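Keeping their order, the protein sequence lines are chains A and B.
Residue numbering for the first sequence follows our numbering, starting at 158 and increasing by one per position.
Residue numbering for the second sequence follows our numbering, starting at 14 and increasing by one per position.
For every residue, glycine included, the Cβ atom is placed at its ideal position computed from N, Cα and C.
It should be emphasised that the depicted structure is a prediction, and the values quoted were computed from it without experimental measurement.
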Amino acid sequence: MSDLVWNIGYGHFLVLAAVLFLIGVGGVLFRRNALIILMSVELMLNAANVTLLAFSRMWGDLSAHTFALIVIAVAAAEASVGLAIVVAVFRGRRNVEVDRLTTLRH
Amino acid sequence: MIRTPLVIVRAAGSAAAAIAALALVACAPPVTPAPCPPAVQAKVKDQLRTATSITCRTHRAEAATADIAVGDIDRVEALAAFPDGRTASVDITTDGKTIQSITYTHNDLVASSSKSLALMFWLFAFATVGGAVFVVSRRNLIAAVMGMVGSFLGIAAIYMMLYAQFLAIVQMLVYAGAIMVLFVFVVMILNRPEDEPVAPAGRAGQAIGGLAILYLVGRLIMMLVRVQPPNVDLANAAPLPTAQGHDWGTIGAVGTDLFGPGLFPFEAISVLLLVAVVGAIAIARPLRPGGDNAGDDNDPLAGDAPSHPEGGAA
């Protein structure tokens, strides 16, 4: 038990990333506000990045750093477009609760 | 009565096995370590670019010190040391052509049992997870954004612990800087009444803010006072970075990889960002000045522009 607490290994980073990813999944599934959903997606992308970097360190392969940088850029692009969609939806409908956006349902 | 012979048989069997093993060891050809051929060293250097020193050992049947022919090498193993303290043992085929396995011994900072480092890990892991829980549990959107910023700062520290210095800085700039500002702007545009800023109010809040500003200014002044003139000799004596000799995770190392094998994804990312910028502007602007949403007087986006120019939205 004390070994688990005081001896930080790569498993700790992977478990942390998994917990972060699960929190993000919970946010996407259970929250209805589109902004919160976007933030939860960002959390999941960051969890994936932590996993990438932990494995990169584990295997001594630096190319995952390039990959993580690209993930960050894609996340930034996704956030900007997602927020633009949120603003456009809000302008037309006065709220951003995703379960009220039912225009495409029929 | 029955057990005694069994014990004797077992003991005799063990003794015979031990004697056989000893005989095998004694009869095996003498293995003498010798330095490795340069081809093997080059191969290991090629595979482990960040290694600083590579020491090879070849085990050979005969202790000839002349040039090493391929045939009389029994086993080649190399030990590679990295600038951050890790070591790796490399198992190579006897002709030096392929590397069969690389085993890292994780005696770096992350895997060491330093208690302060473990405490730091738990602190930042708690900040990360706590911020993430804040994001998904708060009704107040500003509080959720601030939780996200805390989570991202914790992740930046976690990157630092994984020796990804450059990515930690990028994480702070992009997430805790740019994306946070973007989210706060959108929250303010949506402007729901319960999304008030969660700053400490009143005299106490002003005192805390003033103290923080004073502390930061003081630290800045201390830092500027302590700036040393650049020592040209020291700078010249520093080891020059080479393509192989970068430290792990620094800007140089990441840049070498980014502009080498990762050049095409890097260029593709620039196109993606351009498309995202154009797309975000195209989505977020009002569709038509006289359209269904322009009649809204309290539209926070269109409020300040009383008359949209006709050419502004084509």
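Here the C-alpha atom of G183 (chain A) lies approximately 22 Å from the C-alpha atom of I242 (chain A).
Counting C-beta pairs with one atom in each stretch, the stretch 211-230 of chain A and the stretch 274-289 of chain B have three or more that are closer than 8 Å, which means they touch. Distance from L210 (chain A) to L154 (chain B) at the Cβ level is roughly 30 Å; contact not present, criterion being Cβ atoms closer than 8 Å.
Secondary structure remark: continuous beta strand (DSSP E) runs of at least 3 residues inside the stretch 208-242 of chain A: none found.
Cβ contact annotation for H222 (chain A) (same chain, cutoff 8 Å, sequence separation greater than five): L210 and S213, in chain order. Our two residues, C69 (chain B) and G273 (chain B), have alpha carbons roughly 29 Å apart in a direct line.
With respect to chain B, the C-beta atom of T259 (chain A) has no partner C-beta closer than 8 Å.
Neighbours of L171 (chain A) across chain B, judged by C-beta separation under 9 Å, do not exist; the nearest C-beta is about 11 Å away. V158 (chain B) carries a helical assignment under DSSP once its states are collapsed to helix, strand and coil.
Between the C-alpha atoms of R250 (chain A) and V185 (chain A) there is a straight-line separation of about 21 Å. Annotation: the continuous alpha helix (DSSP H) that includes V57 (chain B) extends over P51 to Q60. Taking the Cβ atoms as the reference, M185 (chain B) lies roughly 5 Å from A169 (chain B), within the contact range of under 8 Å.
Inter-residue distance for S237 (chain A) and L237 (chain B) is about 37 Å (C-alpha atoms, whole angstroms). Going by DSSP, V288 (chain B) is part of the alpha helix (DSSP H) stretching over L276 to A297. At a cut-off of 8 Å between C-beta atoms, L161 (chain A) does not count as an interface residue with respect to chain B.
If you draw a straight line from the Cα of P51 (chain B) to the Cα of V57 (chain B), it is about 10 Å long. For V89 (chain B), the secondary structure class from DSSP, reduced to helix, strand or coil, is strand. According to the DSSP assignment, I234 (chain B) belongs to the alpha helix (DSSP H) that extends over G215 to V238.
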